[in-house]
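Asks:
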Amino acid sequence: MKMTTLQGLERDIAQDTFNALKMGLRGPVLLPGEAAYEESRTIWNSMIDRRPAAIVHCLGTGDVVACVQFARDHDILLSVKGGGHNIAGLAVADGSLMLDMSLMRGVWVDPRNRIAHAQAGCLLGDVDRETQLHGLASVLGFVSLTGITGLTLGGGFGYLTRRWGWTSDTVTGIDLVTADGRLVHTASDDNEDLFWGLRGGGGNFGIVTGIDYTLFPVGPEIVGGLVAWPAGEAPKVLELYRTMAEAAPAELTLVAIMRPAPPAPWLPKEVHGTPIVAILACWSGNPEEGEKVVAPIKAFGKPVGDVLVRRPYAQIQALLDATQPKGRRYYWKSEYLARIEPTLAEKAIIHAAKIPSPFSAVILFQIGGALNDLATDHSAVGNRDARYVLNIAGSWERAADDAANIAWAREAWSDMKSFSTGGTYINFLTEDEGSERIRAALGNNLARLAEIKAKWDPANMFRTNRNIKPR
Ligand SMILES: Cc1cc2nc3c(=O)[nH]c(=O)nc-3n(C[C@H](O)[C@H](O)[C@H](O)COP(=O)(O)OP(=O)(O)OC[C@H]3O[C@@H](n4cnc5c(N)ncnc54)[C@H](O)[C@@H]3O)c2cc1C
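Mapped onto my numbering, the consecutive letters of the sequence shown carry residue numbers 195 to 665.
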């Protein structure tokens, strides 16, 4: 079997050698030509089309250890897929031994101590489903099909970020298999350097097998959903968004979205495909209070649709899922912002009006709050001055439309990037964004990350990620 080495060369691995790995695994091995191999190697962003030499569907930590040892012994490139939602396709590498973690989706909730232990292949929805049984939640992202591990290792933000910080701020422990094939536990008092680096430094230090999350009382009922207006109202709606977001208590998170209206049942048919502006709100505190807080949004102007209501927390966590299907082509540009400048809002409206696809959007996520309260070097994620995320989100179906859609996103970004804090979200970087952008995302924490990398992975075995070179 031909596999790729760490240096990118092709190496022949004898069938007996590969069979020995296979025999030692509990999970199945998927090979080119098999339907399950195709399903596993394809990810959310269909712009990514890579072929690992073999895929191991890991069934437990023992399988992960066996694969890491095999890769080390034979100098083989490893890649690892959690939820397969990384837009740059970091999960998949040509010729690699790919670890697909999707059979490891167990979640154990300890409601008394308010901790959930989740296996590394979990999707966000897996964790919400189990924790909500106890009226608890961890700080996760906006689309329930995203993988917890990629999200958490890059920082992570969602509706609860303003109350409790980056997802990685709420993590109390991470288990991983390191380059020497050892299973290592990390926490604030256990392999502290590694624990610091894992919370923002991505998959650079090993293959994560499980994560411990702090849980918080949330729901089961919250107030959340969308209100939409015709795009002509965007200047006024964005001003409402800006003023409400600036004054918002931490329980409230607001997202502004400008895009062609999707064919959603809550929007009238005649609106479908026409440009709209929407505010997505989530109040995660007491619902009675939340209804009062979001009332000005519902009462504003003449909405074309309004589904901002009391609903289960688990429901809002999946509300955007249908807008982000696996298999479309995606290209994003994004920046952290400290505030919404009126001129930024004007530019966002101008670029939203030029969207060349029915699926793309200009989005402003509100973050800030608790994440701003910690020091920049609290963990590797940094960006403690970020209060909003600007996401220029290109999404379309045909390869023939790549150039037009990518050009739109790049043009919008060049026009708005001057409003950035200087930082950007490492998990939103696309395939063509390189070391300059990694530096922007990790800032001054990059130097310490390089030292930790040198200690734990001096040969840079874990390199199919936002790679930090050992120093
Ligand atoms: C539709 C959509 C919505 C999103 N919404 C949000 C959001 O609300 N908030 C937010 O913060 N982010 C969001 N993201 C970004 C998301 O955090 C990243 O895409 C993240 O990489 C997804 O994790 P994954 O496990 O699915 O990634 P994968 O594509 O499976 O993996 C990407 C990389 O993560 C690392 N990794 C994954 N598993 C492991 C492991 N077991 N051990 C070590 N490293 C591992 C590896 O470096 C791997 O290459 C969203 C992305 C998409 C596509």
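Don't be surprised by glycine CBs; every beta carbon is placed ideally from N, CA and C.
Who are the Cβ neighbours of residue 435 in its own chain at under 8 Å, not counting the five residues just before and after it?
Replies: Cβ neighbours of residue 435 beyond the five flanking positions: 448, 450, 473, 534 and 558.
Asks: Rounded to whole angstroms, what is the Cα-Cα separation between residue 196 and residue 281?
Replies: One C-alpha to the other measures close to 27 Å.
Asks: Does ligand 1 have a heavy atom nearer than 7 Å to the CB of residue 389?
Replies: It does not: the Cβ of residue 389 is nowhere closer than 7 Å to a heavy atom of ligand 1.
Asks: Since residue 547 contacts residue 425 with CB under 8 Å, what's their CB separation in whole angstroms?
Replies: Residue 547 to residue 425, Cβ: 7 Å. Contact.
Asks: In whole angstroms, what is the alpha-carbon distance linking residue 268 and residue 274?
Replies: Those two C-alpha atoms are separated by around 17 Å.
Asks: Tell me the residue span of the alpha helix (DSSP H) that contains residue 537.
Replies: Run containing residue 537: 536–546, per the alpha helix (DSSP H) assignment.
Asks: Going by C-alpha to C-alpha distance, which of 302, 518, 356 and 509 sits closest to residue 441?
Replies: Residue 441 has its Cα closest to that of 356, out of 302, 518, 356 and 509.
Asks: Assuming contact is defined by CB atoms lying nearer than 8 Å, are residue 518 and residue 337 in contact in what I supplied?
Replies: Cβ distance < 8 Å, so residue 518 and residue 337 count as in contact.
Asks: In its own chain, which residues sit with a C-beta less than 6 Å from the C-beta of residue 320, not counting the 5 before and 5 after it?
Replies: Correct list, in chain order: 299 and 301.
Asks: Is any heavy atom in ligand 1 found nearer than 7 Å to the beta carbon of residue 621?
Replies: Yes, ligand 1 has a heavy atom inside 7 Å of this Cβ.
Asks: Just checking, does the segment 291–298 make contact with the segment 320–334 on the three C-beta pairs under 8 Å criterion?
Replies: Touching, no.
Asks: Kindly indicate the opening and closing residues of the alpha helix (DSSP H) around residue 639.
Replies: First-last of the alpha helix (DSSP H) with residue 639: 639–650.
Asks: Which runs of the alpha helix (DSSP H) spanning at least 4 residues fall entirely within the segment 307–358, listed in chain order?
Replies: With a minimum length of 4 residues, the continuous alpha helix (DSSP H) runs that stay inside the segment 307–358 are 318–326, 342–348 and 355–358.
Asks: In chain order, what residues of the same chain lie with their CB nearer than 6 Å to the CB of residue 469, ignoring the 5 residues before and after it?
Replies: Result list for residue 469: 425 and 454, in chain order.
Asks: Per DSSP, which residues does residue 199 bridge with? Please list them.
Replies: Beta-bridge pairing links residue 199 to 270.
Asks: For residue 354 versus residue 331, is the C-beta spacing smaller than 8 Å?
Replies: It is a contact, given that the beta carbons lie within the stated cut-off.
Asks: Measure from the alpha carbon of residue 159 to the alpha carbon of each residue in 494, 224 and 595, then state which is nearest.
Replies: Only positions 195 to 665 of the chain appear in this structure, which leaves residue 159 out of reach.
Asks: Could you tell me if residue 540 is buried or exposed, where buried requires 16 or more neighbouring beta carbons within 10 angstroms of its beta carbon?
Replies: Exposed: under 16 other Cβ atoms inside 10 Å.
Asks: Mind checking whether the beta-carbon of residue 629 lies closer than 7 Å to any heavy atom of ligand 1?
Replies: Incorrect: residue 629 has no Cβ contact closer than 7 Å to ligand 1.
Asks: Pull up the CB-CB distance for residue 347 and residue 402, whole angstroms please, since I reckon it's below 8 Å.
Replies: Right, their Cβ atoms sit about 7 Å apart.
Asks: With DSSP as the reference, identify every bridge partner of residue 560, one or two as the case may be.
Replies: Partner(s): 582.
Asks: For residue 467, collect the residues of the same chain with a Cβ closer than 8 Å to its Cβ; drop the 5 residues on either side in sequence, then sort them by chain order.
Replies: Hits under 8 Å: 454, 455, 457 and 552.
Asks: Give me whichever residues DSSP pairs with residue 401 in a beta bridge.
Replies: Per DSSP, 371.
Asks: Taking Cβ to Cβ, would you say residue 603 is nearer than 8 Å to residue 525?
Replies: Their beta carbons are under 8 Å apart, which means residue 603 touches residue 525 by this criterion.
Asks: Nearest to residue 592 by CA position, among 350, 663 and 550, is which residue?
Replies: Per the Cα distances, 550.
Asks: Give the range of the beta strand (DSSP E) segment to which residue 521 is assigned.
Replies: Careful: residue 521 lies outside any beta strand (DSSP E) and carries neither H nor E.
Asks: Three-state secondary structure (DSSP) at residue 231?
Replies: Correct three-state label for residue 231: helix.
Asks: Go through its chain and collect everything with a Cβ distance to residue 498's Cβ below 8 Å, but skip five positions before and after it.
Replies: The answer, listed in chain order, is 422, 423, 424, 455, 461, 462, 465 and 470.
Asks: Buried or exposed, going by whether 16 or more other CB atoms sit within 10 Å of the CB of residue 529?
Replies: So residue 529 counts as buried.
Asks: Do residue 286 and residue 220 come within 8 Å of each other at the CB atom, strictly closer than that value?
Replies: Cβ distance not < 8 Å, so residue 220 and residue 286 don't count as in contact.
Asks: Given this structure, state the Cα-to-Cα distance separating residue 565 from residue 531, to the nearest angstrom.
Replies: Approximately 14 Å, taken between the alpha carbons.
Asks: Between which residues of its own chain and residue 260 is the CB-CB distance below 7 Å, once the five residues before and five after are set aside?
Replies: The answer, listed in chain order, is 215, 218 and 219.
Asks: If residue 271 and residue 211 are in contact, beta carbons under 8 Å, what's the gap, nearest whole angstrom?
Replies: That pair is no contact at about 16 Å.
Asks: When the cut-off is 8 Å and only beta carbons count, does residue 566 lie next to chain D?
Replies: Among the protein chains of the structure shown there is no chain D, as only one such chain exists.
Asks: Hey, would you say the C-beta of residue 275 is under 7 Å away from at least one heavy atom of ligand 1?
Replies: Within the cutoff, so yes.
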